[in-house]
Each structure stands twice: as structure tokens, then as C-alpha cells.
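Counting along the sequence shown from 1, when you hit position 71 you're at 69 in my numbering, and nothing is skipped either side.
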Amino acid sequence: MDSIDESTPLASQLANETRRREKLSGTSLPKPDNTRYLTVSNQKGGVGKTTTTVNIAAALAKAGMNVLVVDIDPQGNASTALGIEHHAEVDSIYDVLINDVPLSEVLAPCPQFPNLLVAPATIHLAGAEIELVSLVAREQRLRRALDQYAKSLEEDGAERLDYVFIDCPPSLGLLTVNAFVAAQEVLIPIQCEYYALEGLSQLLSNIELIQKHLNSDLVVSTILLTMYDGRTNLASQVADEVREHFPRQVLGALIPRSVRISEAPSYQQTVVTYDPSSTGALSYLEAAAEIAERGRDGS
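Right, dumping it as C-alpha cells:
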């Protein structure tokens, strides 16, 4: 291969992206030995939580994994980004949590990836917090539904899921508690901006409570730095600070601040399919590969 001129900042950036793409193209991602269940959470809004959920899921589906996204955020943004209908009349995760409808009956495939299934959210979820209060085993309902679905796949001789991602609201109510109880891992997106760590200590305290009382298997396995702007010293400082506090959990991949990432949901797509050649798509593909290669224990 001919050497690439890196004498200007733009040329250097292009050369770096070319190397990154070549590295990815030669990578075959390992399938996990068992289904990995990850809740994507951050109580601070606007950190790229839903964007991270759908793009990591799409990147893994693109790599051949069987993936399920469970959207339990009443806003339904994950459902929108994955091209799934989620108006009030659609059977949704609400029906699973409140009315004991089997999970298999509400699933819809992502148009771009038939191996990426979605349990959509509808506006009915907005009232689910109140309705859950009076239900038996209210914190366990999502976990039970996922366990029953996994069992039905096994009984039918179907391929098991490789990854389940749960996109929850930016708050700690019963929906989020259900997500934590159903998961084995927590993926926390953190924006590379001032106040990035705001609320993180509270989130970690809440996770400790869940570990102590409801789900002792839960671990914070992954932290992903998002909205990174390499032109600012602040972004680098925040990234360094997060890496210092959580050296084992932080991925090497950085998600850049990107117009293409922001645009994709308005076309009911992830950036992985909306603009595959973009830096944003490349970064999410790298993050997904890292998650697959690291495994649950972050090693």
C-alpha cells in the first residue's frame, strides 16, 4: 500500500481513519458464550444514552450477532431510531410489563437488520411507573419476561440471542429498576463536557443498592465517552479524568460530537446505516468491537 501524505491536519486525520477502518475490516467479532444483558443508563439526560444503545446494537447486528433492544423509555426514541412503529395502538413493552403479554408477541425486526429485534416503547409507558407499584414482583417483571423468551427460543430450537440492550429513562423509577434487575451489566455513556461526572456518583450508589438487594450479579462493565470534540482541551481533560477514575471500565473508543450521528434518527436509522463512511459510524463500530472482545469482566 502506498504511504499516505500526513503533512496537514486533515490528511493526518484521513490517514488515521483509513488505518482504523483497515483494522476493523480484518476483525471477526467473537460471539459470547452466553447471552449478555446490558442496561444502558445515565440519570443525567443528553449524554447520548439512546444514541449509544441503538448504534452499538446496530454495529453488533452488522457483525452478525443476534441482538434485542428493549425500549423502556416512554419517549420511545430508540424505537424511532431503529425504524420501529410505536404509536399508541402498537403492542409494546408496556403490554409485557403490565399485562403479562409474552415478549415474543411485541417484537419487531429492524428494517436494516433482520437479526436486530426491538421491543418498542409507546406512550402508555408514561403511566407504567404508577401501575407497576401495585403489581406482584414489580421489580422482576422485565427479567421474568426475558427469561421466558430465552427459554422459548431454546425449546423451539432457535438461535439464542447474543446481546440484549435495555434503553431506560434518565431517572430512577420502577422502569429503570426493572432494567437493572434484568441486566448483568451496566453500560454508562458519559459526555466529554463540563459537569460530565455530575450525577454519576448517585447513579453508582443506586446501582450498589440494586446489587445489594435485588441483583447481586450486576456489574458496571463499560463506560463509553461520547460527544468528544478533539479541538477542545476540555474534552481531553474530561476523558483523562474519567479514565483515571474508571481505568478498567472505560472503552478506548471515543464517540465524536457529530452532525451525522444526530441526523440519523430523523431518518429512522442509526448512523451505522445512515452514513457508514462517517467518523461517527466508525467510532461506534470500534466501540461495539471492543465490547465484544472485552467480555463482561472488562478484560
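Using N, Cα and C, we set each Cβ at its ideal position, and we do this for glycine too.
Coarse secondary structure for residue i, derived from DSSP in three states
{"i": "ILE82", "result": "coil"}
{"i": "ILE96", "result": "helix"}
{"i": "PHE244", "result": "coil"}
{"i": "GLY125", "result": "helix"}
{"i": "ASN213", "result": "coil"}
{"i": "THR277", "result": "helix"}
{"i": "THR224", "result": "strand"}
{"i": "ILE70", "result": "coil"}
{"i": "TYR147", "result": "helix"}
{"i": "GLN266", "result": "coil"}
{"i": "MET(-1)", "result": "Residue confidence for MET(-1) is low, a pLDDT of 48 falling below 50, so the modelled location carries little weight and cannot support an answer."}
{"i": "TYR193", "result": "coil"}
{"i": "ASP154", "result": "coil"}
{"i": "GLU239", "result": "helix"}
{"i": "LYS21", "result": "helix"}
{"i": "LEU27", "result": "coil"}
Reference residue i, options the options, closest by Cα
{"i": "ILE121", "options": "VAL131, ALA181, ILE91, THR230", "result": "ILE91"}
{"i": "PRO274", "options": "PRO112, ALA285, ALA287, ILE259", "result": "ILE259"}
{"i": "ILE82", "options": "ASN204, TYR161, ASN97, PRO112", "result": "PRO112"}
{"i": "GLN247", "options": "ASN231, TYR265, VAL270, THR220", "result": "THR220"}
{"i": "VAL236", "options": "SER132, TYR192, GLN266, PHE163", "result": "TYR192"}
{"i": "VAL134", "options": "GLN73, LEU172, ARG34, LEU80", "result": "LEU172"}
{"i": "ALA56", "options": "GLU284, ARG241, LEU123, GLU291", "result": "GLU284"}
{"i": "ASN176", "options": "LEU123, LEU159, GLU157", "result": "LEU123"}
{"i": "ILE54", "options": "SER132, VAL162, ARG158", "result": "VAL162"}
Residue i to residue j span [Cα, whole Å]
{"i": "PRO263", "j": "VAL104", "result": "21 Å"}
{"i": "LEU185", "j": "THR16", "result": "28 Å"}
{"i": "GLU239", "j": "ALA287", "result": "24 Å"}
{"i": "ALA194", "j": "THR49", "result": "17 Å"}
{"i": "LEU130", "j": "VAL99", "result": "15 Å"}
{"i": "THR268", "j": "LEU66", "result": "15 Å"}
{"i": "GLU20", "j": "GLY278", "result": "16 Å"}
{"i": "ASP69", "j": "PRO118", "result": "5 Å"}
{"i": "THR6", "j": "ALA13", "result": "10 Å"}
{"i": "ASN75", "j": "LEU144", "result": "21 Å"}
{"i": "LEU212", "j": "VAL179", "result": "6 Å"}
{"i": "ALA233", "j": "CYS190", "result": "5 Å"}
{"i": "PRO245", "j": "ASN97", "result": "42 Å"}
{"i": "GLY46", "j": "ILE188", "result": "8 Å"}
{"i": "ALA181", "j": "THR78", "result": "23 Å"}
{"i": "ILE205", "j": "LEU216", "result": "8 Å"}
{"i": "VAL218", "j": "PRO72", "result": "24 Å"}
{"i": "ASP160", "j": "LEU114", "result": "10 Å"}
{"i": "ASP93", "j": "PRO107", "result": "18 Å"}
Bridge partners - residue i, DSSP secondary structure assignment
{"i": "CYS166", "result": "None, per the DSSP bridge assignment."}
{"i": "PHE111", "result": "CYS108"}
{"i": "ILE183", "result": "Here residue 183 is Glu; the residue named in the question, Ile, does not match the sequence. LEU36, VAL217."}
{"i": "LEU252", "result": "LEU223"}
{"i": "VAL116", "result": "VAL67, ALA106"}
{"i": "TYR161", "result": "ARG34, VAL65"}
{"i": "ILE188", "result": "LEU223"}
>> Under 8 Å, with one C-beta from each stretch per pair, do the stretch 14 to 31 and the stretch 143 to 159 reach the 3-pair mark?
In response: no
>> Under 8 Å, with one C-beta from each stretch per pair, do the stretch 248 to 256 and the stretch 210 to 226 reach the 3-pair mark?
In response: yes
>> Measuring CB atoms only, is the stretch 195 to 202 touching the stretch 46 to 60, in the sense that at least three cross pairs come out at less than 8 Å?
In response: no
>> With three or more beta-carbon pairs closer than 8 Å as the criterion, would you say the stretch 159 to 179 touches the stretch 30 to 48?
In response: yes
>> Counting beta carbon pairs with one atom in the stretch 70 to 87 and one in the stretch 208 to 225, are three or more of them shorter than 8 Å?
In response: no
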